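Chemist: This is the structure, below, for whatever I ask next.
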Amino acid sequence: MIAVIGLVVGVVAGLVLQPTVPLELQPYLPIAVVAALDALFGGLRAMLDGIFDDRVFLTSFLSNVVVAALIVFLGDQLGVGTQLSTAVVVVLGIRIFSNAASIRRHLFKA
Amino acid sequence: MTSRHTQGDGQPTARPALVDASMTLINEFYRRPLDPGYALAAQRRQAGAGPSRTRPGIAALVVLALALGLGTTAATLQLRKPLGQANEARRVLESQITERGDEAADLQTQATALGDEISSLQASVLGDADASLRAALDASAVESGAVEVTGKGLRIELSDATSADADDVDPDARVQDSDLQVLVNSLWEAGAEAIAINGQRLAATTAIRSAGSAVLVDLVPLSSPYTVEAIGDSVTMQTDLARSSAGQLLATLRATYGIGVEMSSQRHLDLPAVRVTTLREATVPAGSGLPDLRVDPEDGAGEDGGPVSPSADAVAGSSRR
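Sequence order for the protein chains is A and B. Each step along the first sequence adds one to the number in the numbering used here, with nothing skipped, and position 81 is 109. Each step along the second sequence adds one to the number in the numbering used here, with nothing skipped, and position 285 is 971.
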């Protein structure tokens, strides 16, 4: 639970402080945010399943973001940046969707 | 890896023979959306073999959580920002445009006021000494477009052909600078004393040109419909116009290109003065008792009192069709 509290505090701090992201990192932001969403939904589902774990949540969050950014970076270097971004978005999108569906089943029993 | 092959409702998925073996990647994503790490951790916890929570470990977790939350928020905010910046830039440009427009209007009124001052000073200097000189001056002021003119005359309205697709207009179906040039030249020929297009008075040296798809009259961009107003005897102008090349051109424009042409004689037309009058040549009138000085700032383009001479640009207009 401490991870969730930390995350919320971080979000609030971000909203208050309004930090700026370095220009070089900007191409990776959209994918990183989608990856973060995926990790968030995964964490929520795990919580509802009763198997939430702080460490797993944060590690998956971090690795998701880093790997997603890395894939985009690699794609940019190879000249297939947009295609790889699409691939990442599709994969993460499917995961978000099915996690959200399972969360829905938990919450509404339907 | 001991993976958790269960759906969300806890039913173990029976693995049938892989009929959809080619879909393993998709199936993998679809059946196991949850990070298997959660299941592993839960199993370890159940077995009592979970990693012992040390104080530095927890601190590291908190720091990581803080950093991730901060980073994600920063990224999200950053992603929302460019739109704001673009809007800001557009707002700045808009305000600049209106600002400059106001400035130009101010300067224009200033120029008009100064022009009025000049003519009133001129009148006071001349006094009522020489009636014929003043009459000549007044006449040349009309011809050079330096003063506003009111009178009856002819109004011709040209409008672009209407097209179903506004983005894809045949350039031939638009009124072009050459059309206006031919029309204006024919009007001068037909005895017009003063001509204005969309409120832009034409002097002898006013250019009618095109820049891209816009028609510039005296360097002011105009758009369809183009209202050409000519002061003079509307009956003779109309008949002369019909006989001239412009008459044929207007008929062609109407019939072939669908350009709207409407001609009407008007009892009352108000034409403004030319926006900018440039002094090209000045002479001291004979018999004024002053030495005959000739001021010729640049090679004069013609004499004011001569026959009405449309601008070189307007004359250059050749038929495009």
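Ideal Cβ positions, reconstructed from N, Cα and C, are used throughout, including at glycine. Note that this is a predicted model, so its numbers are computed, not measured.
Using a C-beta cutoff of 8 angstroms, does B/Ala-791 count as contacting chain A?
Modeler: Not one chain A Cβ lies under 8 angstroms of B/Ala-791.
Chemist: Mapping the DSSP letters down to three states, classify B/Met-949 as helix, strand or coil.
Modeler: Correct three-state label for B/Met-949: strand.
Chemist: Roughly how far, in whole angstroms, is the beta-carbon of B/Thr-798 from the beta-carbon of B/Leu-955, given that I think they are within contact range, below 8 angstroms?
Modeler: Going by Cβ atoms, the distance from B/Thr-798 to B/Leu-955 rounds to 19 angstroms, so no, they are not a contact pair.
Chemist: If we cut at 8 angstroms on Cβ distances, does A/Asp-81 have a partner in chain B?
Modeler: Interface residue, yes.
Chemist: Do you know whose CA, among B/Thr-938, B/Met-949, B/Ala-825, B/Val-962, lies nearest B/Arg-860's CA?
Modeler: Out of B/Thr-938, B/Met-949, B/Ala-825, B/Val-962, B/Thr-938 has the C-alpha closest to the C-alpha of B/Arg-860.
Chemist: Within 10 Å of its beta-carbon, does B/Met-923 have 16 or more other beta-carbons around it, so buried, or fewer, so exposed?
Modeler: Result: buried.
Chemist: Could you tell me the distance, in whole angstroms, from the CA atom of B/Asp-905 to the CA atom of A/Gln-54?
Modeler: In the sequence as displayed, the identity of residue 905 of chain B is Leu instead of Asp. Roughly 45 angstroms between the two C-alpha positions.
Chemist: Report whether the distance from the Cβ of A/Leu-86 to the nearest heavy atom of the ligand GTP is below 7 angstroms.
Modeler: Ligands are entirely absent from the displayed structure, and the ligand GTP is therefore not among its contents.
Chemist: Exposed or buried, which one is B/Thr-892 when buried takes at least 16 other CB atoms within 10 Å?
Modeler: It counts as buried.
Chemist: Anything in the stretch 741-770 of chain B with a Cβ closer than 7 angstroms to a Cβ of chain E? List those residues in chain order, please.
Modeler: Protein chains in the displayed structure are A and B, and chain E is not among them.
Chemist: Mind reading off the beta-carbon distance from B/Gly-755 to A/Gly-103? Whole number of angstroms is fine, and I expect it under 8 angstroms.
Modeler: B/Gly-755 to A/Gly-103, Cβ: 27 angstroms. No contact.
Chemist: Within the stretch 70-125 of chain A, note down every full beta strand (DSSP E) run reaching 3 residues or more, in order along the chain.
Modeler: Listed in chain order, there is nothing to give.
Chemist: Whole angstroms are fine: how far does the CA of B/Gln-729 sit from the CA of A/Val-40?
Modeler: One C-alpha to the other measures close to 33 angstroms.
Chemist: What residues from chain B crowd round A/Ala-64, counting only those whose CB sits closer than 7 angstroms?
Modeler: Going along chain B in sequence order, the residues near A/Ala-64 (Cβ under 7 angstroms) are Thr-758.
Chemist: In chain order, which beta strand (DSSP E) runs of at least 3 residues are fully inside the stretch 747-807 of chain B?
Modeler: Counting whole runs of 3 or more residues, the stretch 747-807 of chain B contains no beta strand (DSSP E) stretch at all.
Chemist: Using the beta-carbon of each residue, which ones in chain A are nearer than 8 angstroms to B/Ala-775?
Modeler: Residues of chain A passing the Cβ test: none, with the nearest at roughly 17 angstroms.
Chemist: How would you list, in chain order, the residues of chain A whose beta-carbon sits under 8 angstroms from the beta-carbon of B/Ala-725?
Modeler: The answer, in chain order, is Ile-79.
Chemist: In chain order, what residues of the same chain lie with their CB nearer than 7 angstroms to the CB of B/Val-828, ignoring the 5 residues before and after it?
Modeler: For B/Val-828, where only same-chain residues beyond five positions count, the Cβ hits under 7 angstroms are Val-835, Glu-879, Ala-880.
Chemist: Are there 16 or more other CB atoms within 10 angstroms of the CB of B/Glu-1071, so buried, or fewer, so exposed?
Modeler: Chain B is shown only over 687 to 1007; residue 1071 of chain B falls outside these bounds and no answer can be derived.
Chemist: If you drop the 5 nearest sequence neighbours on each side, which residues of the same chain put their C-beta closer than 6 angstroms to that of B/Leu-908?
Modeler: Cβ within range, chain order: Asn-884, Val-901.
Chemist: Taking A/Gln-54 as part of the beta strand (DSSP E), name the residues at either end of that continuous run.
Modeler: Element bounds for A/Gln-54: n/a, residue is neither H nor E.
Chemist: Buried or exposed for B/Asp-985, going by 16 or more other Cβ atoms inside 10 Å?
Modeler: Because B/Asp-985 carries a pLDDT of 48, less than 50, the predicted location of this residue cannot be relied on, and the following value inherits that uncertainty. B/Asp-985 comes out exposed.
Chemist: Suppose the cutoff is 6 angstroms on Cβ atoms and the five residues either side in sequence are ignored; what does the same chain contact list for B/Asn-773 look like?
Modeler: No residues qualify anywhere along the chain.
Chemist: Give the residues of chain B in contact with A/Ala-115, contact being defined as C-beta atoms less than 9 angstroms apart.
Modeler: None at all; the shortest Cβ gap to chain B is about 11 angstroms.
Chemist: Report the option in B/Glu-875, B/Leu-812, B/Gln-796 whose CA atom is closest to the CA atom of B/Ala-928.
Modeler: The shortest Cα separation from B/Ala-928 among B/Glu-875, B/Leu-812, B/Gln-796 belongs to B/Glu-875.
Chemist: Is B/Val-960 near B/Ala-791, with beta carbons less than 8 angstroms apart?
Modeler: No; because the gap between Cβ atoms is not below 8 angstroms, this pair is not in contact.
Chemist: Count Cβ pairs between the stretch 83-97 of chain A and the stretch 60-67 of chain A that sit closer than 8 angstroms; are there 3 or more?
Modeler: Yes, since at least three Cβ pairs between the stretch 83-97 of chain A and the stretch 60-67 of chain A fall closer than 8 angstroms, the two stretches touch.
Chemist: Taking the alpha helix (DSSP H) that B/Ser-667 belongs to, which residues open and close that run?
Modeler: With chain B running from 687 to 1007 in the structure shown, residue 667 of chain B is simply not present.
Chemist: Let me check understanding here. Comparing Cα to Cα, which of A/Thr-48, A/Val-119, A/Ala-74 lies closest to A/Val-32?
Modeler: Considering only alpha carbons, the answer is A/Ala-74.
Chemist: Return yes when the Cβ of A/Ala-60 is within less than 8 angstroms of the Cβ of B/Ala-753, no when it is not.
Modeler: Their beta carbons are not under 8 angstroms apart, which means B/Ala-753 does not touch A/Ala-60 by this criterion.
Chemist: Applying the 10 Å Cβ sphere with the 16-neighbour rule, what's the burial state of A/Phe-136?
Modeler: Exposed, because fewer than 16 other Cβ atoms sit within 10 Å of the Cβ of A/Phe-136.
Chemist: Take B/Gly-877 and list the residues in its own chain whose beta-carbon comes closer than 8 angstroms to its own, dropping the five residues that flank it on each side.
Modeler: If we look at B/Gly-877 and ignore the five residues flanking it on each side, its Cβ neighbours are Gly-918, Asp-919, Thr-922, Met-923, Asp-926.
Chemist: What does DSSP give as the partner residues of B/Gly-944 in its beta bridges?
Modeler: DSSP output for B/Gly-944 lists no bridge partner at all.
Chemist: Any idea what DSSP makes of B/Ser-845, helix, strand or coil?
Modeler: Of the three classes helix, strand and coil, the one that applies to B/Ser-845 here is strand, per DSSP.
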